[in-house]
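A quick write-up on the structure given underneath.
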Amino acid sequence: MSALVLFDTRTRRKQRFEPIEPGHARVYSCGPTVYAPQHIGNLRPYLFADLLKRALLAEGLRVTHVINITDVGHLTSDADAGEDKMERAAAQAGKTAAEIAAFYTEQWLRDRRRLGCLEAEVYCKATDHIAEQIEMAQRLEERGYTYRIEDGLYFDTSKFPRYAEFARLDLAGQEAGARIGDVAGKRHPQDFALWKFAPPGVERQQEWDSPWGRGFPGWHLECSAMSVKYLGAHFDIHTGGVDHIAVHHTNEIAQSECALGVHPWVEVWMHNEFLDLGGEKLSKSKGHTLVLDDLVARGFEPLVYRYFFLQAHYRQQQAFSFDEMASAAKGYRRLLGVAVAARGVGGEPDAGERDAIEKVRGEFWDAVRDDLNAPRAMEALWRVARGDFSDAAKRELLLDFERWLGLGLATETPPGDAQESDPRIDALVAERRAARAARDFARADAIRDALKAEGIEIEDTKEGTKWRRAR
RNA sequence: GGCCCGGUGGGUGAAUGGCUCAGCCAGCGGACUGCAAAUCCGUUCAUGCGGGUUCGAUUCCCGCCCGGGCCUCCA
95 MSALVLFDTR TRRKQRFEPI EPGHARVYSC GPTVYAPQHI GNLRPYLFAD LLKRALLAEG
155 LRVTHVINIT DVGHLTSDAD AGEDKMERAA AQAGKTAAEI AAFYTEQWLR DRRRLGCLEA
215 EVYCKATDHI AEQIEMAQRL EERGYTYRIE DGLYFDTSKF PRYAEFARLD LAGQEAGARI
275 GDVAGKRHPQ DFALWKFAPP GVERQQEWDS PWGRGFPGWH LECSAMSVKY LGAHFDIHTG
335 GVDHIAVHHT NEIAQSECAL GVHPWVEVWM HNEFLDLGGE KLSKSKGHTL VLDDLVARGF
395 EPLVYRYFFL QAHYRQQQAF SFDEMASAAK GYRRLLGVAV AARGVGGEPD AGERDAIEKV
455 RGEFWDAVRD DLNAPRAMEA LWRVARGDFS DAAKRELLLD FERWLGLGLA TETPPGDAQE
515 SDPRIDALVA ERRAARAARD FARADAIRDA LKAEGIEIED TKEGTKWRRA R
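Throughout the first sequence, residue numbering follows this note's numbering, covering 95 to 565 in sequence.
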């Protein structure tokens with residue numbers, strides 16, 4: 095049996111995972127910013143984090159998983175200036191920032207659940223942890239890592255020699271041509287705000303008092319403050335999308351290591367690559383991003399998206415298209431068919447089957463332990479589903495694999511199996527049945543063709559004729 | 001401009017310094033079916049281009065081209 099190995103962004107290597115505290119893994123995942131819906135690409139980090147959590151659990155570890163919810167303060171520009179997205183979304187919707195945040199938080203939590211993600215032990219909101227953020231900024235100030243300008247309190251990145259290390263930044267190259275002028279007084283382009291002063295004359299819904307004046311926290315601070323609060327000054331794993339490496343996580347590390355005097359602050363950094371939405375990024379209605387409900391509206395159950403996700407490795411970009419969703423739906427449906435059949439039988443596999451069972455079980459979990467290699471695990475899964483195993487063996491293995499897959503193999507029935515009811519269609523189906531009984535196949539086929547033309551598919555089974563709407 | 005991923009069959013997507021380069025979907029053939037559908041079985045098709053290292057490269061190195069992403073610049 096192999097050991098759990100995870101790819102660490104800091105060292106750019108796969109490393110054997112050993113929790114700092116034996117038997118207990120502490121994980122922090124960068125969560126959503128809740129001023130807009132999370133599109134299906136935004137969901138990938140949570141699917142990935144879920145695979146990580148399930149892998150840790152499968153190792154027999156206790157897992158404390160913390161996910162933050164950013165309900166304040168991101169600016170429209172990635173510079174330190176610009177309009178605040180949360181405030182803007184609120185203004186546009188005629189609601190308060192808190193209402194907007196609550197709405198999108200709920201939507202995100204619901205999507206997570208529908209995708210089969212295990213709940214986090216802690217969901218923490220930035221606005222509930224202003225005091226912790228101020229405290230960390232104060233620590234940094236006391237230790238001489240900050241400077242104050244008209245705009246706010248800034249972190250002086252030149253005081254942190256390791257600043258460029260994590261993301262392997264070329265600061266000299268970046269600085270050479272950079273204009274520092276976005277925010278007057280910034281000493282280095284990569285310096286970032288710890289606390290921003292409320293702009294004079296602007297009515298903000300989200301501002302707080304601080305030792306430096308009324309304002310709001312810089313947007314990297316929340317993750318440092320909250321992760322440390324819930325997981326301690328030195329914890330195991332921090333996850334997020336690759337887009338966070340260069341700026342957000344680099345800044346988190348700078349703040350945290352300087353404020354806490356630790357290194358490394360986090361043992362393993364893990365980042366998921368992006369979903370390539372290609373031309374599907376925007377659906378017809380302009381500006382509307384593709385969300386999970388859009389897939390559902392097209393007839394794809396949320397777990398089909400999970401199945402789709404499992405077909406690629408989390409560190410590879412994955413190409414999204416509706417054709418691929420349809421293909422995933424097909425595979426998922428077949429897989430569930432096998433699972434449903436297998437879990438209906440009792441008994442134990444024959445002793446003679448034991449070797450084959452343990453071999454494929456090992457292949458599955460070895461793939462999981464090798465940096466969460468889902469495609470390889472799926473390969474083993476299909477060897478079980480399609481292979482010569484007895485139903486008892488299939489049941490045992492599928493239920494075992496389900497602990498990591500989260501595909502509903504123990505509970506779900508194939509999508510589209512539930513028989514709909516529609517008086518007109520039911521009548522046509524009945525008429526066709528009568529025609530077939532009378533061996534009037536011309537009439538029977540005509541009815542089938544007519545239904546097919548309006549997107550209704552007919553399936554004759556031992557239990558009778560079923561129909562369903564085609565995707 | 002800097003940095004980071006990647007270019008494998010019709011689609012997607014694993015793996016690998018040599019042994020028949022996974023799996024899923026599609027296609028094709030077969031079973032089943034009145035015919036289909038669904039399901040099952042079988043099966044065709046692939047390593048972007050040019051150099052280098054090597055006995056041997058899809059795999060390692062360099063260059064090029066192409067796609068995606070992050071940051072910056074410009075506007």
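No residue lacks a Cβ here, since even glycine has one placed at the ideal position from N, Cα and C.
Quick caveat, the model's predicted, so the values are computed rather than measured.
Check                                                                                             : Outcome
DSSP three-state assignment for Q411, whether helix, strand or coil                               : coil
Cβ-based burial, V439 [other Cβ within 10 Å; buried from 16]                                      : exposed
L234 versus T240 - alpha carbon distance                                                          : 6 Å
Limits of the beta strand (DSSP E) - the one that D554 falls within                               : 550–555
Environment of A270 [buried if 16+ CB atoms lie within 10 Å]                                      : In this prediction, A270 has a pLDDT of 46, which is less than 50 and means its spatial position is unreliable; what the coordinates show is noted afterwards. When all chains shown are included, A270 counts as exposed.
Sub-8 Å separation of L466 and L146 beta-carbons                                                  : yes
C-beta contact flag for W352 and R237 at 8 Å                                                      : One point to set straight first is that residue 352 is Cys, not Trp, in the sequence displayed. Yes, Cβ-Cβ distance for C352 and R237 is below 8 Å.
Given T333 as reference, the closest of C317, A348, A327 once Cα atoms are compared               : C317
Option nearest E244 by Cα separation, candidates G309, I224, Y198                                 : G309
Through-space distance from I552 to G558, alpha-carbon basis                                      : 11 Å
Residue(s) in a DSSP beta bridge with T505                                                        : Beta-bridge pairing links T505 to no other residue.
Residue environment, S304, which counts as buried when at least 16 other CB atoms sit within 10 Å : buried
Where K453 falls: helix, strand or coil (DSSP)                                                    : helix
From W313, M364, V121, R138, residue whose alpha carbon lies closest to that of A261              : M364
Simplified DSSP state of D516, which is helix, strand or coil                                     : coil
Terminal residues of the alpha helix (DSSP H) in which A422 lies                                  : 416–437
Alpha helix (DSSP H) segment containing A544, residue limits                                      : 535–547
Residue nearest to P139 in terms of C-alpha spacing, selected from L404, R106, S484               : L404
Simplified DSSP assignment, three categories, for R273                                            : Below a pLDDT of 50, predicted positions are generally treated as unreliable, and R273, at 45, falls in that range; the measurement from the model is reported next regardless. Correct three-state label for R273: coil.
Pairwise C-alpha distance: D554 and L545                                                          : 14 Å
F142 versus N366 - alpha carbon distance                                                          : 7 Å
Rounded separation between G549 and L475 - CA only                                                : 32 Å
Nearest to F101 (by Cα), restricted to the options L499, N345, F402, V336                         : V336
Spatially closest choice to T103 from E226, P358, L315, Q284, by CA coordinates                   : P358
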